[in-house]
Amino acid sequence: MTETIFTRDILQGKVAFVTGGGTGITGGIARAMAEHGAKLAITSRKTENLEPMKKLIEDGGGECLAVAADVRDYEAVESAIAQTVEHFGKIDIVVNGAAGNFLCAADELSANGFGTVVDIDTKGTFNVCRASFEELKRSKGQILNISATLHYLATPMQIHVSAAKAGVDAITRNLSVEWGRYGIRVNGIAPGPIEDTEGMKRLLPEPLKDKITKKIPLGRFGRIKDIENAALFLTSDAAGYINGVTLVVDGGQWLLGTSLA
Ligand code: COA
Numbered sequence: 033m034t035e036t037i038f039t040r041d042i043l044q045g046k047v048a049f050v051t052g053g054g055t056g057i058t059g060g061i062a063r064a065m066a067e068h069g070a071k072l073a074i075t076s077r078k079t080e081n082l083e084p085m086k087k088l089i090e091d092g093g094g095e096c097l098a099v100a101a102d103v104r105d106y107e108a109v110e111s112a113i114a115q116t117v118e119h120f121g122k123i124d125i126v127v128n129g130a131a132g133n134f135l136c137a138a139d140e141l142s143a144n145g146f147g148t149v150v151d152i153d154t155k156g157t158f159n160v161c162r163a164s165f166e167e168l169k170r171s172k173g174q175i176l177n178i179s180a181t182l183h184y185l186a187t188p189m190q191i192h193v194s195a196a197k198a199g200v201d202a203i204t205r206n207l208s209v210e211w212g213r214y215g216i217r218v219n220g221i222a223p224g225p226i227e228d229t230e231g232m233k234r235l236l237p238e239p240l241k242d243k244i245t246k247k248i249p250l251g252r253f254g255r256i257k258d259i260e261n262a263a264l265f266l267t268s269d270a271a272g273y274i275n276g277v278t279l280v281v282d283g284g285q286w287l288l289g290t291s292l293a
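Sequence positions in the sequence shown follow my numbering and run 33 to 293.
Take a look at the structure:
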């Protein structure tokens with residue numbers, strides 16, 4: 033188990049459904065939730081992307097169900113949620129982390145390229161929220177949407193992701209208002225540049241990383257652990273009156289307008 037500043041039982045008895053939960057930031061969130069008492073259902077398009085995380089969670093003494101589902105496919109999402117409820121009996125926490133990303137200039141991006149990322153990030157987030165609504169209503173559960181800061185200003189080569197994540201933030205705010213009456217809290221996290229993800233290694237050349245580091249107020253890139261801690265806080269009872277917030281976890285990076293591209 034990894035080190036923690038939280039007590040190990042803050043999510044005891046909870047069942048968490050995490051999309052994109054096999055790898056990267058959301059994989060870290062899934063593992064961290066398991067290490068703090070939650071039972072995990074993780075989804076991704078391909079089962080092979082889930083197996084290592086399932087094993088890691090189980091080796092750490094946790095319970096994990098791995099279900100393949102493309103968040104763009106509403107029926108597949110419904111089926112994954114049904115399987116989770118059949119297996120664990122309920123869902124308390126939904127984390128929308130499934131996302132697509134690549135760097136591409138707007139004048140080179142195809143309509144399908146733009147639409148694909150919006151479909152995965154925005155429509156996928158809606159699909160999972162919508163399909164889990166009845167379960168969350170029953171459990172007075174909560175949703176955590178993984179967003180970004182790219183759209184706060186403007187990020188070249190990221191028009192598709194910026195538009196998609198702006199949509200995710202709108203979903204967070206709308207659902208927090210519409211579903212608050214059922215006791216469902218809906219929040220988000222907007223990570224800044226996180227250095228230990230595949231995406232960042234793939235998207236960011238080393239010289240640019242050094243340049244950006246100098247412009248991050250806290251003087252370093254974020255780590256998956258920083259996002260895990262924010263996710264544990266927001267989904268725990270400590271955040272019981274926080275609803276409709278997208279928490280920026282970026283060391284103050286976006287305020288300086290430090291473009292990543
Ligand atoms: N640059 C420009 N366009 C791209 C692209 C890139 N690097 N990657 C995909 N596209 C475009 C494709 O050209 C296609 O458009 P077209 O039909 O007009 O040619 C469209 O996006 C769909 O691509 P496709 O590969 O068929 O979609 P997919 O559903 O299989 O996968 C992604 C889409 C985004 C998930 C895929 O590009 C991918 O696997 N990315 C890396 C993984 C990732 O993003 N992880 C999350 C990190 S946050």
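Glycine residues also receive a C-beta, built at the ideal position from the N, C-alpha and C atoms.
Bridge partners for residue i per DSSP, in chain order?
{"i": "V47", "result": "K71"}
{"i": "L279", "result": "I221"}
{"i": "L176", "result": "V127 and N219"}
{"i": "I226", "result": "G254"}
So is residue i buried or exposed if we call it buried at 16+ other beta carbons inside 10 Å?
{"i": "E260", "result": "buried"}
{"i": "D102", "result": "buried"}
{"i": "I37", "result": "exposed"}
{"i": "Q44", "result": "exposed"}
{"i": "T34", "result": "exposed"}
Using DSSP with H/G/I as helix, E/B as strand and the rest coil, what is residue i?
{"i": "L168", "result": "helix"}
{"i": "S76", "result": "strand"}
{"i": "G56", "result": "helix"}
{"i": "V200", "result": "helix"}
{"i": "L182", "result": "coil"}
{"i": "V209", "result": "helix"}
{"i": "A100", "result": "strand"}
Pull up the CB-CB distance for residue i and residue j, whole angstroms please, since I reckon it's below 8 Å.
{"i": "F253", "j": "E227", "result": "4 Å"}
{"i": "K169", "j": "I216", "result": "7 Å"}
{"i": "G220", "j": "T181", "result": "About 11 Å separates the two Cβ atoms, so there is no contact after all."}
{"i": "D124", "j": "S194", "result": "With a Cβ gap of about 31 Å, D124 and S194 do not count as contacting."}
{"i": "A333", "j": "R77", "result": "Missing from the structure shown is residue 333; the chain here goes from 33 to 293 and no further."}
{"i": "G94", "j": "A66", "result": "3 Å"}
{"i": "G54", "j": "R104", "result": "Contact flag wrong, Cβ pair sits at about 17 Å."}
Any beta carbon from chain B within less than 8 Å of residue i's own beta carbon?
{"i": "N177", "result": "In the structure shown, chain B does not exist; there is a single protein chain."}
### Message
Any residue with its C-beta under 5 Å from a non-hydrogen atom of the ligand COA counts. Can you list them all in chain order?
### Response
A131, G132, N133, F134, C136, S142, N144, G145, T148 and G231
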